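Chemist:
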Amino acid sequence: MDAAIDAWPWKAPSGISQHSAWLEAMLEYVFTRKPPADSSDRSMGLSLENLDDIIDSQLDKAGKVQTVPGEHGRLGHDHVTFDIATNVGAFVLDKERLSLSSESKFNTIRGTCCVYKGKWQYELMLGSKGVMQVGWATYNCKFSQEKGVGDTRDSYAYDGNRIRKWNVDTYKYGQPWLTGDVIGCCIDLDNGRVDFYRNGCWLGEAFGDVRVGPGLAYFPAVSLAYKEQLTANFGATPFRYPVDGFLPLERQPQGKLEKTQTLLGWTKKILPVYQEVLKGATQMAYVTDGIDVFRQGTKAQTLLLAAPVIHRLGPLLMSQHVTETAMLPLLFQLLEETEEDAKNQVSCLLDLLWAVLEPDEMETFLQNITSALHTGFRFSVPTGDFSHHKRYLLLLLALFEHQATRRYLLQSVLFEKIKFPAFMEVKTLDDETLAALIPDVWYELMEEVHPAEEVYKKAPYAASKEKLKAAVSSLEKLQVDVLETLATDEDDDEGQTSREIFLAKLKNFLDDHSPGSKVLIANLCPPNVLLCFFHRLVSLLRRWLPVCEAPNGIHLQEHSLYVHSDYYMHNASPLTRVGELPDLKLPIPDPVSSSNLRSGSFNDSDSLEGSGMAHTNVYSLFDDVVRLYHIGVHGQLVKLSSVKDTMHDYLTAEQGLQRRNIWEQHRQHCCLDTEESDLSHMVTNTKAVLRDALTVQGRHVAWLSATVYSKEKQGDIYWLLQGVLRTLEEASRNGQCLRYLWDHYVEACIKLLTALINHFPPSCTLTSIPGHYNTLVRYSTFLAQHFADPRVVNTDLKDTLLRALAAHVCPPSTVRALECMPTESSMAMIKALLQPYKNRPWAQTNWILMRLWKGCGFAFRYTVAPHLVQRMSSRPVESCVPNHPAPCPSVFPVESCVPNHPAPCPSVFFQNHIGQWLEDNADCAATFLGSVLTQLNWAFSQFISMLQEIQNAHTRPERVFIDTRQLKICATCFDLSLGLLRVIEMVVNVAPSVVTSPTRPHWDLLLTRIFQLLSQVLNRITSRSGCFELVVNMDIPGLEGLDHFPVLTAVAGILVALLLKGSLDSREIALSVLLAEPSFQLSTLEFLLGSPATQDETGAAYIPFSLASYAEVKEEEVEQVRQLVALVQSRLPPVVGSPENSDLLCTICYAHPNSVRFVPCGHQSCRYCIVTHLVNNRECFFCKTVIDKVDTTEKQSNV
1 MDAAIDAWPW KAPSGISQHS AWLEAMLEYV FTRKPPADSS DRSMGLSLEN LDDIIDSQLD
61 KAGKVQTVPG EHGRLGHDHV TFDIATNVGA FVLDKERLSL SSESKFNTIR GTCCVYKGKW
121 QYELMLGSKG VMQVGWATYN CKFSQEKGVG DTRDSYAYDG NRIRKWNVDT YKYGQPWLTG
181 DVIGCCIDLD NGRVDFYRNG CWLGEAFGDV RVGPGLAYFP AVSLAYKEQL TANFGATPFR
241 YPVDGFLPLE RQPQGKLEKT QTLLGWTKKI LPVYQEVLKG ATQMAYVTDG IDVFRQGTKA
301 QTLLLAAPVI HRLGPLLMSQ HVTETAMLPL LFQLLEETEE DAKNQVSCLL DLLWAVLEPD
361 EMETFLQNIT SALHTGFRFS VPTGDFSHHK RYLLLLLALF EHQATRRYLL QSVLFEKIKF
421 PAFMEVKTLD DETLAALIPD VWYELMEEVH PAEEVYKKAP YAASKEKLKA AVSSLEKLQV
481 DVLETLATDE DDDEGQTSRE IFLAKLKNFL DDHSPGSKVL IANLCPPNVL LCFFHRLVSL
541 LRRWLPVCEA PNGIHLQEHS LYVHSDYYMH NASPLTRVGE LPDLKLPIPD PVSSSNLRSG
601 SFNDSDSLEG SGMAHTNVYS LFDDVVRLYH IGVHGQLVKL SSVKDTMHDY LTAEQGLQRR
661 NIWEQHRQHC CLDTEESDLS HMVTNTKAVL RDALTVQGRH VAWLSATVYS KEKQGDIYWL
721 LQGVLRTLEE ASRNGQCLRY LWDHYVEACI KLLTALINHF PPSCTLTSIP GHYNTLVRYS
781 TFLAQHFADP RVVNTDLKDT LLRALAAHVC PPSTVRALEC MPTESSMAMI KALLQPYKNR
841 PWAQTNWILM RLWKGCGFAF RYTVAPHLVQ RMSSRPVESC VPNHPAPCPS VFPVESCVPN
901 HPAPCPSVFF QNHIGQWLED NADCAATFLG SVLTQLNWAF SQFISMLQEI QNAHTRPERV
961 FIDTRQLKIC ATCFDLSLGL LRVIEMVVNV APSVVTSPTR PHWDLLLTRI FQLLSQVLNR
1021 ITSRSGCFEL VVNMDIPGLE GLDHFPVLTA VAGILVALLL KGSLDSREIA LSVLLAEPSF
1081 QLSTLEFLLG SPATQDETGA AYIPFSLASY AEVKEEEVEQ VRQLVALVQS RLPPVVGSPE
1141 NSDLLCTICY AHPNSVRFVP CGHQSCRYCI VTHLVNNREC FFCKTVIDKV DTTEKQSNV
């Protein structure tokens, strides 16, 4: 502090009072650099009476010190913006018309001024990194949504997304740009040149033959693809990276700047005086030498001294350019020159400004300075130590420590005028900086494919990553300090505290970012900002804990935090609730009791008194953090985790090049070609490009590990999951309280655990967290108890819970957690799963049951459909050359090219529970199995109908295209049929008495229906002349999953369970029912074991289907099928129908032959099906033609 104040220049003459002497001395000190030669006249020329005149005289001189440079060569308004009259396409602009977002295909807009000679510059701050062409264009350039800047003769553009320059023709140029980059666009009309700069770095001469002369004036112009964003600076604020010799397009207020600099010079000298006066005198005697003389005055006298200066600063500081050019450097100077007392000096300056300036002047100044900090922070190029970003944050922290400033910014600026969460972002380092910080790269996400000879890189890579993580952590700590200061609850005045204002603004912010909001996308924070903001809020919330309110008995701790039901039951928020119904009314709050206060209750009286609100603020912030994660954070985590897929794609491409290179070498060897192949050279170059791309991706992974997927960030998400789970459990225990809880708690809980399990890297797995298994069990219990809870009324939420449970039965770890639930929870889940398949989303339920069975069913162990593996392996591969080893299948096996199914993880525990429940609840079991059979009949009928439509289209002479949606429906019906067959297989294995015990209700009807449906499936699938065989052989994209294997193995599993397992009586009953089924044909069973190879109708070789040809089918399972066929053969009469005539069956029920024909279309079915159908509908099953009448056909024979 002492070094910042000049030595006291003189001693007060005798006869002058202390206060008047002090005032005269201060005038001399502030407004005169050197004392006059004659000390007797020191106070004659300077006094409060003539101070205004002296200041005005000095300001007049300052305004004339530097003349405004000539601006010949420029036409247009002094203030430059985008010209909305010139836009092509649809743009969204801010009210200053400097920031814009494209809302259609490819849009172009110009500025409001043009230049025809001289050197000029403007800057663009990128809000996205997509396709944009930025530069210069003349008035005569005609643009469209196909042609933008650079696509016409007299327009010149740079596109950093495609790394090219454009002037009708296009050439490679520049560097790739990133979100947050500052692009400088310069034009030299004296020499006919256009250059571009990225973050101050010259990208080289773009164009050297720019046309100049009469009639050619160039406008700044930009073209943006859909959803791209940028902000232009034509000179309204200082350039981030000015280029020597180039002028801004907007005229600069040089006179105002000089005046402001003069006034700020006096202000800087007033600051230490004011600061010492506030400390007060340290001794009674009047001191005339040294620093203590500053403390002899009063605050009122200091204000008299400062008022003439500050009053004249007010109108000048209303200019954004003046504020950013003159005041912002002063504030940074105050921070950097006197670090230990900088915040006090900034606070003193703000005190003076608030005391003297008019309200509108002060408010405009604060808006300008905050906007300058926001722009500087967003568009500063990040360095390895983030020094530039820390500089802006330290000044922002100093502003927030001033109460009046903080409260105004909270109320009117931070969430209204700017995007305050952008201050919480850790901006991604560019490739050059990352390369300097992480020279050695290790593929930590895919260590198994990293070259073994590069293992030495692992240790330096880890060290570099830790260093980067430390730099990021220091920036994040400063950001949390800023947030904590902003949301303090230690305001001096009464009324709303800064914390309460912050929480209210935060809720509005979340409303704007919620789905269905009417806020334009351009005005929303990008997902990466939301992710950083989320982690800072979690850190802030944890800093607020513990909360101890002894009078109320409230004690909130970090390890046991949850939101009490009183908070959300009495909170009239419009958010959707778990039990949302029109008649759901919020309960009337009970009078405050000691028990409620101990629980942390919420009511309006608390907010009025201000005391006892700490717990409510904690609840509010916790709720906001949960909601923020649900709105945008989880999606960004999922998106960023896709970097592993990107690396896998690069590695796959590199592996393919290796195979191609091997093939090429073998070809040259076989052909004895001595000349070097161009192909080999091309492969080598391409491999180098891929390796460079992998290196860049590896550094990006290191960045994500330090900023997104670190142990600390994993801890934030896990801690939040714990709190959400406790909130849900408490709400569930309190009966109807669950209905009043907001539904984003349920959805966030599911997303939080999904992120921890699926999206964090191997270095941060869920299993590495102490106590994780207990959390998995609690989560499993919640899903099991509530996916069919009647208190959950919201339809979308019920579907979300069911989908979450379906995903939860896939990984072995979560299946084991489900098995460790309390018994009552397990039985509740089983009971809900085994409810009839009607009036509810049964497909997910069926999938869950099938998943619990997978691994125990007949040949039901595959992760990749065996028929797909056979198809892929039968196709030629370039690398499979004679006498040369094929590529290593352990790295990229054939299975990696085809869709995967979940790996088998059967739960014998739940199978036993299912069997027990079916045995104990006879009526419910019969109803459930009956509904499964009904849905199987529907799904398979729909599937065959779709196949017949495809067959009809195939046989038409004209070319017919099949709708993609139709193919998806066909594939879906096939998958549903498979799932239903597998569930039937599970039922007849774990509880066979449901269909074979005469003591069970409807057993005979159920058994008959099972064999009827199985016969129909077998008849259609095994027919060589049917539609199924045709479509399978067509190999239609979208229907790759269709094949005999999955269907026939499921049918075989059911037949084996009924005919070969269980007691002798039950097997005899099942066999007699099967043989009594009229549509059953022995040949369909024999189809499973295959027959000698034959020729089809065209003479081509026909290879029959056989279970024995699949490695996935065990030998014992094949033997079971042989026993099954032998058993049926021994009991069946020798003459049976052939599968070739199965097309004569009714395609609706597959139980009776066609007996009627529809007029006029001619399609056929059995009489029973058409009579039932005509009760409600008169359209044909197949072609939708209106049926006029039904004719009886001749009896069809089964030969």
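For reference, each letter of the sequence shown is one residue, going 1 to 1199 in full-length UniProt numbering. For each residue, glycine too, the CB sits at the ideal point set by N, CA and C. These figures come from a predicted structure and were not determined experimentally.
(1) On the three-state DSSP scale, how would you describe E484?
(2) Which value, in whole angstroms, describes the spacing of the CA atoms of G715 and S620?
(3) Just curious, the beta strand (DSSP E) that R74 is in, first and last residue?
(4) With a floor of 4 residues, list each alpha helix (DSSP H) that falls wholly inside the region 209-283, ordered by position along the chain.
(5) Measure the alpha-carbon distance for N199 versus D489 and round it to whole angstroms.
(6) Just the C-alpha distance for G89 and L475, rounded to the nearest angstrom, thanks.
(7) Of all the options F365, L1005 and A307, which has the alpha carbon lying nearest to the alpha carbon of D52?
(8) When the Cα atoms are used, what is the spatial distance from V809 to L980?
(9) When the Cα atoms are used, what is the spatial distance from E444 to A702?
(10) Contact between the region 203-212 and the region 229-240: three or more CB pairs below 8 Å?
(11) Could you tell me the boundaries of the beta strand (DSSP E) in which R193 lies?
(12) Which partner residues of I109 appear in the DSSP bridge assignment?
(13) Please report the residue range of the beta strand (DSSP E) in which K1189 lies.
(14) For N50, count the other beta carbons within 10 Å of its own beta carbon; 16 or more makes it buried, fewer makes it exposed. Which is it?
(15) Comparing the C-beta of N734 with each C-beta of chain D, is any distance below 7 Å?
(16) Look at the Cβ atom of V472, then the Cβ atom of V529, and state whether they are nearer than 7 Å.
(17) Considering just the uninterrupted stretch of the beta strand (DSSP E) at residue 1279, what are its terminal residues?
(18) Between the C-alpha atoms of I5 and H79, what's the straight-line distance to the nearest angstrom?
(19) Distance, Cα to Cα, V441 vs L434?
(20) One question on the structure: do I1021 and V1047 come within less than 7 Å of each other, judged by their Cβ atoms?
(21) Count the other C-beta atoms from every protein chain shown that fall within 10 angstroms of the C-beta of F1045, then say buried if there are 16 or more, exposed otherwise.
(22) Please determine, among H759, L395, D360 and M613, the residue with the shortest C-alpha to C-alpha distance to V638.
(23) Can the beta-carbon of A828 be found closer than 7 Å to that of E919?
(24) I believe V626 touches A748 by the beta-carbon criterion, under 8 Å. Please report the beta-carbon distance rounded to the nearest angstrom.
(25) Could you tell me the boundaries of the alpha helix (DSSP H) in which A336 lies?
(26) Going by DSSP, name the residue or residues bridged to residue 1208.
(27) For V287, name the three-state secondary structure that DSSP assigns.
(28) Quick one, are the C-beta atoms of L263 and R312 less than 7 Å apart?
(29) Please report the residue range of the alpha helix (DSSP H) in which V1017 lies.
(30) Write down every uninterrupted run of the alpha helix (DSSP H) in the region 821-854 whose length is 4 residues or greater and which is fully enclosed by it, in chain order.
(31) Are C1146 and C1161 closer than 7 Å when you measure CB to CB?
(32) Check the DSSP bridge columns for W202 and list the partner residues they point to.
(33) Under 6 Å: does the beta carbon of T765 sit that close to some heavy atom of the ligand MN?
(34) Give every residue of the same chain whose Cβ lies closer than 7 Å to the Cβ of F534, excluding the five residues on either side of it in the sequence, and list them in chain order.
(35) Just the C-alpha distance for L833 and R982, rounded to the nearest angstrom, thanks.
Modeler: Looking at the atomic coordinates:
(1) Your numbering for residue 484 matches position 484 in the sequence shown. Helix, per DSSP.
(2) Here residue 715 is taken as the residue at index 715 of the sequence shown, counted from 1. Here residue 620 is taken as the residue at index 620 of the sequence shown, counted from 1. The alpha-carbon atoms of G715 and S620 are separated by roughly 21 Å.
(3) Translated into the one-based positions of the sequence shown, residue 74 becomes position 74. Residues R74 to G76.
(4) 254-279
(5) Within the sequence shown, numbered from 1, the residue matching residue 199 stands at position 199. Within the sequence shown, numbered from 1, the residue matching residue 489 stands at position 489. The alpha-carbon atoms of N199 and D489 are separated by roughly 40 Å.
(6) In the sequence shown, the residue the question calls residue 89 occupies position 89. In the sequence shown, the residue the question calls residue 475 occupies position 475. Each residue's alpha carbon lies about 41 Å from the other.
(7) The residue you call residue 52 lines up with position 52 of the sequence shown. For the residues F365, L1005 and A307, the minimum Cα distance to D52 belongs to A307.
(8) For the purposes of this step, residue 809 is taken as the residue at position 809 of the sequence shown. For the purposes of this step, residue 980 is taken as the residue at position 980 of the sequence shown. Their backbone Cα atoms lie some 17 Å apart in a straight line.
(9) Residue mapping note: residue 444 aligns to position 444 of the sequence shown, counting from 1. Residue mapping note: residue 702 aligns to position 702 of the sequence shown, counting from 1. Rounded to whole angstroms, E444 to A702 spans 8 Å at the Cα level.
(10) no
(11) Position 193 of the sequence shown, counted from the first residue, corresponds to residue 193. First-last of the beta strand (DSSP E) with R193: R193 to R198.
(12) On the sequence shown, position 109 is the one that residue 109 refers to. I109 is bridged to V222.
(13) On the sequence shown, position 1189 is the one that residue 1189 refers to. Counting along the chain, the beta strand (DSSP E) containing K1189 begins and ends at K1189 to T1192.
(14) As a first step, residue 50 must be located in the sequence shown, where it is residue number 50. N50 is exposed by the Cβ-count criterion.
(15) In the displayed structure, chain D is absent; only one protein chain is listed.
(16) As a position in the sequence shown, residue 472 is number 472, starting the count at 1. As a position in the sequence shown, residue 529 is number 529, starting the count at 1. Contact flag unset, no.
(17) As displayed, the chain neither begins before 1 nor continues past 1199, which places residue 1279 out of reach and without an answer.
(18) Here the question's residue 5 lines up with position 5 in the sequence shown. Here the question's residue 79 lines up with position 79 in the sequence shown. Only weak support is given to the placement of I5: the predicted model assigns it a pLDDT of 40, under 50, and the question is left unresolved by the model.
(19) Translated into the one-based positions of the sequence shown, residue 441 becomes position 441. Translated into the one-based positions of the sequence shown, residue 434 becomes position 434. Approximately 11 Å between the Cα atoms of the pair.
(20) As a first step, residue 1021 is located in the sequence shown; it is residue number 1021 there, counting from the start. As a first step, residue 1047 is located in the sequence shown; it is residue number 1047 there, counting from the start. For I1021 and V1047, yes; Cβs fall inside 7 Å.
(21) The sequence position of residue 1045 within the sequence shown is 1045, counting from 1. The residue is buried, with at least 16 neighbouring Cβ atoms inside 10 Å.
(22) On the sequence shown, position 638 is the one that residue 638 refers to. Of H759, L395, D360 and M613, the residue nearest in Cα terms is H759.
(23) Here residue 828 refers to the residue found at position 828 when the sequence shown is read from its first residue. Here residue 919 refers to the residue found at position 919 when the sequence shown is read from its first residue. Result no, Cβ atoms of A828 and E919 do not sit closer than 7 Å.
(24) For the purposes of this step, residue 626 is identified with residue 626 of the sequence shown, where counting begins at 1. For the purposes of this step, residue 748 is identified with residue 748 of the sequence shown, where counting begins at 1. With a Cβ gap of about 5 Å, V626 and A748 count as contacting.
(25) Locating residue 336 in the sequence shown gives position 336, where the first residue counts as 1. Residue 336 is actually Glu in this sequence, not Ala. That run of the alpha helix (DSSP H) goes L328 to E337.
(26) In this structure the chain extends from 1 to 1199, so residue 1208 is not present and cannot be described.
(27) Position 287 of the sequence shown, counted from the first residue, corresponds to residue 287. Low confidence applies here, because V287 scores a pLDDT of 42, under 50, leaving its location unreliable and the question unanswered by this model.
(28) Position 263 of the sequence shown, counting from 1, holds the residue named residue 263. Position 312 of the sequence shown, counting from 1, holds the residue named residue 312. Yes. Within cutoff.
(29) Residue mapping note: residue 1017 aligns to position 1017 of the sequence shown, counting from 1. From DSSP, the alpha helix (DSSP H) with V1017 extends over W1003 to T1022.
(30) 823-833 and 842-853
(31) As a position in the sequence shown, residue 1146 is number 1146, starting the count at 1. As a position in the sequence shown, residue 1161 is number 1161, starting the count at 1. Going by C-beta atoms, C1146 is not nearer than 7 Å to C1161.
(32) Against the sequence shown, residue 202 aligns to sequence position 202. For W202, which the question treats as bridged, DSSP gives the partners Y197.
(33) This structure simply doesn't include the ligand MN, nor any ligand for that matter.
(34) Taking the sequence shown and counting its residues from 1, one reaches residue 534 at position 534. Only V625, L628, Y629 and V633 meet the Cβ criterion.
(35) Translated into the one-based positions of the sequence shown, residue 833 becomes position 833. Translated into the one-based positions of the sequence shown, residue 982 becomes position 982. One C-alpha to the other measures close to 15 Å.
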